[in-house]
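Residue numbers (our numbering): 22 to 87.
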């Protein structure tokens, strides 16, 4: 209990995670996780320019969820 309380107050643990998922035409999928939402969005936008990419999305990764 004490360890959990200390970790939640740590500045190192005060951030969100953003998952950029790239879906390719051949059914393959690639995922990369960022701490900065803007970087995740730029990565997804850059990947969308490729003709082999079907779609790209950015989602928040919530604790305890995949």
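Ideal Cβ positions, reconstructed from N, Cα and C, are used throughout, including at glycine.
These numbers come from a predicted model, not from an experiment.
- Within the region 43–78, the runs of alpha helix (DSSP H) that reach at least 4 residues and sit entirely inside it are, in chain order, 58–69.
- When only Cα atoms are considered, residue 35 and residue 75 end up about 33 Å apart.
- Close CB contacts of residue 80 within its chain, under the 6 Å cut and outside five residues either way in sequence, are with 40 (chain order).
- Beta-carbon to beta-carbon, residue 52 and residue 77 are separated by about 11 Å, too far to satisfy the 8 Å threshold.
- In the structure shown, residue 83 falls within a coil segment according to DSSP collapsed to helix, strand and coil.
- Under the three-state reduction of DSSP, residue 36 is assigned to coil, being neither helix nor strand.
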